[in-house]
Amino acid sequence: MSPLAPFKVARPRDVAEAVALWGAAADSRFIAGGTDLMVNMRRGVRRPELLIDLTGLDALGEFTIAKTGARIGAGVTLARLAREPAIRERYRAVTEAAEAIAGPGHRTVGTLGGNLCLDTRCIYYNQSEWWRSANRYCLKHRGDVCHVAPQGKRCHAAFSGDLAPAMLALGAEIEIASPAGLRRAPLADLYVEDGRAHLTLAPGELIVCVVLPAAAPASAYAKARLRRGMDFPLAGVAVALAMEGGAVASLRVGLTGTNSRPFLLEGADDFIGRPMDDAALARLDRLVQKQVQPMRTTLASANYRRVAAAALARRLAARLANDQGATA
Amino acid sequence: MNHAATRAEAERRRVPLIDGIEKVTGKARYTADLDHADALVGRIFRSPVSHGEIVRLDVSQARALDGVVAVVTGEDCPHTYGVLPVAMNEYPLARGKVRYRGEPVAAVAAVDAETAQRALDLIAFDVRELPAYYTAEAARAPDAVLIHDAKPGNLERQVHHSFGDVVGGFAAADLVREATIDCAEVNHAQIEPHAALAEYDPFSGRLTMQSVSQVTYYLHLMLARCLDMEESRIRVIKPFVGGGFGARVEALNFEIVTALLARAAQGKVMMELTREENFLTHRARPQTAMRIKLGMTRDGRMTACEAQVTQRGGAYAGYGIITILYAGALLHGLYDIPAVKYDGYRVYANLPPCGAMRGHGGVTVRHAFEALVDRMARELGLDPFDVRRRNLLKAPTRTLNDLTVNSYGLPECLDLVEKASGWRERIGKLPRGKGLGMACSHYVSGAAKPIHWTGEPHATVNVKLDFDGGITALTGAADIGQGSSTMVAIAVADTLGVPIERVRVVAGDSAVTPKDNGAYSSRITYMVGNAAIDAAKNLKKILVAAAARKLDAQPEDVICEGGAFRVGAHGQAALSFDEAVREALVDEGTITAKGTFTTPLEAQGGKHKGGAVGSTMGFSYAAQVCEVSVDEDTGEVRVDKVWVALDCGRAINPLAVEGQIEGAVWMGLGQALSEQTRYLEGLPAHASMLEYRVLTSAESPPIETYIVESVDPNGPFGAKEASEGALAGASPALVNAIANALGIDLDELPVTPDRVVDAIIERRRRTRRDAMRKVAS
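Residue numbers (the working numbering), protein chains in the order written: chain U, 1 to 328; chain Z, 1 to 777.
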């Protein structure tokens with residue numbers, strides 16, 4: 001195993017202290033489960049001086065499901081998300097996404113906030129220091145060329161969190177703490193299409209909780225991957241679909257694994273008022289294929305990720321429509 | 001024999017591995033667990049470039065760093081090493097040239113890991129880069145720079161074998177078909193990462209090496225060679241080993257480097273490789289491109305076979321010559337094929353060197369062969385089981401290439417899996433997306449000719465009996481998790497007629513145990529098992545003679561059973577085991593008996609060049625059926641179940657045999673579904689357990705195992721090998737099942753979802769094209 005560079009650990013007692021600690025070192029990082037960060041530290045792509053341990057903060061463990069909606073603390077573990085009956089009942093896509101993350105061991109310690117803030121991934125980035133140095137580094141870390149698209153100017157590392165598309169499809173908002181206080185924002189605003197800096201959080205900002213609206217349409221999540229255990233999504237799709245009288249009342253499709261950010265499919269509203277029939281499913285397929293932008297950031301081909309994303313969207317939409325008594 | 005009695009007897013033989021409890025309770029100490037509190041930390045500086053001449057290697061700053069005790073480079077070892085005496089073309093630390101990214105160039109021993117890493121960062125290394133080749137095709141191009149001077153065309157070895165009337169065979173066929181099949185390079189991915197602990201004692205000039213080796217004897221020889229030391233001053237010990245599969249079946253560079261560091265530091269050095277370094281050390285199954293051609297009569301009789309095989313072997317020779325020879329030799333011995341032509345090419349490339357891996361040499365060619373047989377059976381409208389049955393061997397026999405087949409349980413294997421899987425009732429009647437496929441395979445029970453020909457027996461086992469009545473079996477055979485020490489205990493206990501608890505096995509310590517060639521080619525059960533039986537028989541003679549003396553009987557009338565001696569088959573137990581031991585020790589003291597095993601000359605292969613490879617006393621045989629479900633949208637292949645039967649001669653320990661069969665199928669499925677190495681300009685993109693995808697429990701299907709006991713006339717208690725035979729059939733059974741499910745033939749391994757989707761899209765296009773042509777005409 002590669003040795004870790006030295007670092008300090010701080011254990012704040014509350015959120016205010018946690019965000020205040022951020023400025024105490026030149027390079028600080030929040031840590032909860034550590035399943036993403038520790039691997040990156042071992043590989044030398046992250047060398048924080050200070051780790052701010054969030055595991056003792058009660059506020060991050062909030063778990064309230066009420067008539068008005070749900071408030072889920074960023075520190076809630078993936079394992080708990082996967083097994084909570086109330087989540088399964090109302091926000092099925094969240095359950096299915098949580099169940100599909102990594103392996104059981106990771107889910108026991110990994111958290112909701114960690115998965116939403118997962119670092120982007122690329123075969124040229126998630127490698128050892130020796131490897132990256134032999135390859136003259138890359139645009140995401142220490143280098144000036146993106147090996148995936150050497151002519152381009154931006155990093156194409158792919159966002160690979162499973163929960164974000166489910167949360168996006170369900171219309172989630174997040175509460176963010178900073179030394180200036182709390183703010184609330186749509187989850188979609190957390191992300192931008194840049195593999196090097198895909199999160200819009202300002203230094204010292206911390207996601208405290210995710211808020212889900214009370215009205216939740218039927219939803220589902222599925223991911224394409226090489227193995228049914230462990231693997232990050234090559235393409236992940238969450239669909240939230242409400243049908244009324246055989247026609248689409250609302251449709252939202254969240255996508256992950258194909259771009260530097262998770263995103264909602266544009267043009268989903270055009271399906272409203274029409275049946276989810278074969279023609280609609282074919283249209284959905286084309287729409288997904290057009291909007292995803294997989295690059296050679298994984299060992300599986302980019303084209304496969306495009307085709308698989310579309311196939312999964314079609315399948316989930318058909319199934320959800322079918323479950324609601326509408327013939328697909 | 002009464003069936004119930006057989007079952008009871010088989011049940012009695014199910015012995016949990018004698019070191020199993022230590023492993024599952026965490027008591028077992030693997031190399032990295034050994035006490036290394038006072039050891040220096042060793043680290044290796046590796047080449048960042050694929051191919052080039054070393055212009056400058058300056059370690060002076062590293063050497064000057066506080067806390068660095070030793071730095072070694074290629075200058076410290078002018079000797080090549082390698083497993084084959086004819087092909088040692090590798091230095092433990094590069095000299096003059098580097099030939100792959102990750103090749104060891106220098107190494108440091110420091111007081112801690114951080115200092116060692118800082119020292120590596122201070123090494124200055126300049127290389128004049130040469131063109132690098134990452135495919136066999138590029139390396140064989142006419143204008144390619146030579147990776148090794150004396151090897152024109154970057155060809156390590158070519159093999160051209162032809163047996164029988166190949167032209168006539170194809171002429172007699174009703175159907176001749178060819179397939180071009182490519183199997184990706186795979187790695188052993190054993191759970192325990194490489195580690196070595198070396199201690200050099202400056203006062204006695206002795207070196208003690210503890211390492212993860214499967215072949216402590218070969219390691220011993222290479223340490224002596226590379227360190228210019230007398231073999232008598234070296235001791236090699238094998239602690240618990242967490243998996244081998246061929247990864248440690250030759251002395252590895254890091255082992256020699258650790259020893260060089262220990263001597264330079266005049267002390268103790270612990271070297272633990274990262275997972276990435278394990279993949280860089282590699283020595284596994286090469287990427288193999290095959291063109292295979294088969295002739296068949298209308299009723300499925302094979303008439304001739306032609307195979308052209310190209311292996312991309314990596315930067316150094318390693319086992320390469322053996323691998324390319326095995327690929328041809330193992331075309332024989334499974335079926336009765338009247339004519340076989342083989343052309344093999346082992347090619348150098350600027351990648352980590354390949355080596356031996358479970359099913360050495362035979363796996364990819366068997367995959368191609370079995371897939372082609374299936375395609376031809378379909379075309380002829382024949383059942384794949386029937387085709388196999390039409391081409392069976394009849395033991396005893398000798399194959400075209402002069403290999404000995406004394407026992408042959410393949411027919412029973414076929415019957416068992418055909419019935420268990422419900423093949424007859426279900427084939428062709430499964431719902432869309434589901435399919436059944438089958439394939440056969442075989443493997444040697446020990447290479448009949450050892451790599452180093454010394455004239456010594458192939459195996460030697462000592463047994464020691466002392467005042468306490470305990471029997472200690474001493475063997476150099478490396479238990480790497482396959483259960484060889486348990487096998488030795490059973491062989492000794494059963495031969496003597498004592499409970500297994502009375503036997504203790506001490507294995508793998510050159511200062512104590514007799515030399516053994518090691519854990520490779522599935523040789524241990526056959527060879528060491530026979531030697532253990534021989535040793536126990538020799539000990540028994542002594543005990544029986546003592547008992548006879550005490551009982552005033554003739555030795556031939558004395559029977560030892562259940563740990564007691566009696567006169568005559570139905571005589572009363574007259575002497576306990578301890579009493580017999582006490583009598584035997586009178587005037588003699590501690591008793592040591594020895595047993596050996598030597599492979600007879602006629603089993604050591606044909607006289608043609610390379611004829612020794614593939615030669616063995618007996619082949620194991622396997623047949624398996626694989627059931628799959630394929631998701632046509634995502635290309636995901638799910639293996640629902642595997643039914644597998646293995647003829648291992650006789651199951652000395654059915655419990656261990658079942659585990660080995662399951663493991664072989666599981667590894668074969670990993671290669672079939674998701675395992676592959678991938679290099680980006682020579683850098684391993686797969687070098688973690690996330691990107692190198694062995695099957696997790698989520699993808700591992702239930703495996704129903706059946707044991708066939710053909711009772712080999714020369715095997716220990718009739719046994720043959722059990723660990724490798726079932727592997728090569730797993731991947732062809734899987735692709736044949738996919739063909740059955742979807743009607744698509746996949747020419748590449750692994751069968752990843754993207755390949756399946758591509759094949760489905762291609763089939764749709766073809767169907768559309770054909771339909772349009774029909775409309776047009």
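Just so it is clear, CB atoms sit at the ideal spot from N, CA and C, and this is done for glycine as well.
{"Item": "Any chain U beta carbon closer than 8 angstroms to Ser204 (chain Z)", "Value": "no"}
{"Item": "8 angstroms Cβ cutoff, Met230 (chain U) in contact with chain Z", "Value": "yes"}
{"Item": "Residues that Ser697 (chain Z) contacts on chain U, provided the C-beta gap is smaller than 8 angstroms", "Value": "Gly229"}
{"Item": "Contact check, Ile256 (chain Z) vs Ala179 (chain Z), beta carbons under 8 angstroms", "Value": "no"}
{"Item": "Segment contact, 8 angstroms Cβ cut-off, at least three pairs: the segment 373-386 of chain Z with the segment 175-190 of chain Z", "Value": "yes"}
{"Item": "Closer than 8 angstroms to chain Z by CB, Val145 (chain U)", "Value": "no"}
{"Item": "Whole-angstrom distance between Glu9 (chain Z) and His3 (chain Z), CA atom to CA atom", "Value": "With a pLDDT of 45 at His3 (chain Z), under the threshold of 50, the modelled position of this residue cannot be trusted, and the question is left open."}
{"Item": "Cβ-based burial, Thr64 (chain U) [other Cβ within 10 Å; buried from 16]", "Value": "exposed"}
{"Item": "Closer than 7 angstroms at the beta carbon, the chain U residues around Ser674 (chain Z)", "Value": "Leu226 and Arg227"}
{"Item": "Cβ of Pro600 (chain Z) within 8 angstroms of any chain U Cβ", "Value": "no"}
{"Item": "Ala70 (chain U) versus Leu264 (chain U) - alpha carbon distance", "Value": "21 angstroms"}
{"Item": "Proximity test, Cβ basis, 8 angstroms: Gln117 (chain Z) and chain U", "Value": "yes"}
{"Item": "Cross-strand partners of Gln151 (chain U) (DSSP beta bridge)", "Value": "According to DSSP, which records beta bridges pairwise, Gln151 (chain U) is partnered with nothing at all."}
{"Item": "Counted within 10 angstroms of its Cβ, other Cβ atoms place Arg769 (chain Z) as buried (16 or more) or exposed", "Value": "exposed"}
{"Item": "Contacting positions in the segment 124-142 of chain U - beta carbon closer than 7 angstroms to chain Z", "Value": "Ser128, Trp130, Trp131, Ser133, Ala134 and Asn135"}
{"Item": "Beta strand (DSSP E) segment containing Trp643 (chain Z), residue limits", "Value": "Val637 to Asp647"}
{"Item": "Ala315 (chain Z) beta carbon less than 8 angstroms from that of Arg99 (chain Z)", "Value": "yes"}
{"Item": "Pick from Z:Ala304, Z:Ala106, Z:Thr590 and Z:Gly635 that is closest to Arg43 (chain Z), judged by C-alpha positions", "Value": "Z:Ala106"}
{"Item": "Residue range of the alpha helix (DSSP H) that includes Asp126 (chain Z)", "Value": "It is not in any alpha helix (DSSP H) - Asp126 (chain Z) instead sits in the beta strand (DSSP E) that spans Ala124 to Glu129."}
{"Item": "Gly33 (chain U) CB to nearest heavy atom of the ligand FAD below 7 angstroms", "Value": "As for the ligand FAD, it is missing from this structure, which has no ligand bound."}
{"Item": "Residue-level contact to chain U via CB, Pro104 (chain Z), 8 angstroms cutoff", "Value": "no"}
{"Item": "Simplified DSSP assignment, three categories, for Met617 (chain Z)", "Value": "coil"}
{"Item": "Cβ separation of Asp126 (chain Z) and Val55 (chain Z), assumed to be a contact under 8 angstroms, to the nearest whole Å", "Value": "4 angstroms"}
{"Item": "Helix, strand or coil at Gln210 (chain Z) according to DSSP, with G and I counted as helix", "Value": "strand"}
{"Item": "Validate contact between the segment 139-156 of chain U and the segment 103-115 of chain U using beta carbons, cut 8 angstroms, 3 pairs", "Value": "no"}
{"Item": "Test: Tyr91 (chain U) CB closer than 8 angstroms to a CB of chain Z", "Value": "no"}
{"Item": "Segments assigned alpha helix (DSSP H), at least 4 residues, entirely inside the segment 218-271 of chain Z", "Value": "253-265"}
{"Item": "Neighbourhood of Glu185 (chain Z) by C-beta, 6 angstroms cutoff - its chain only, sequence neighbours within 5 removed", "Value": "Pro286, Gln287 and Thr677"}
{"Item": "Inter-residue spacing [alpha-carbon to alpha-carbon] between Glu129 (chain U) and Val45 (chain U)", "Value": "8 angstroms"}
{"Item": "C-alpha gap between Asn126 (chain U) and Asn40 (chain U), whole angstroms", "Value": "7 angstroms"}
{"Item": "Below-8 angstroms beta-carbon distance, Arg315 (chain U) vs any chain Z residue", "Value": "yes"}
{"Item": "For Asp299 (chain Z), three-class secondary structure by DSSP", "Value": "coil"}
{"Item": "First through last residue of the alpha helix (DSSP H) which encompasses Pro384 (chain Z)", "Value": "Pro384 to Arg389"}
{"Item": "Residues, ordered as in the chain, of the segment 632-643 of chain Z that lie near chain U by beta-carbon distance below 7 angstroms", "Value": "Asp633 and Thr634"}
{"Item": "Bridge partner(s) assigned by DSSP for Tyr692 (chain Z)", "Value": "According to DSSP, Tyr692 (chain Z) bridges with nothing at all."}
{"Item": "Test: Tyr304 (chain U) CB closer than 8 angstroms to a CB of chain Z", "Value": "yes"}
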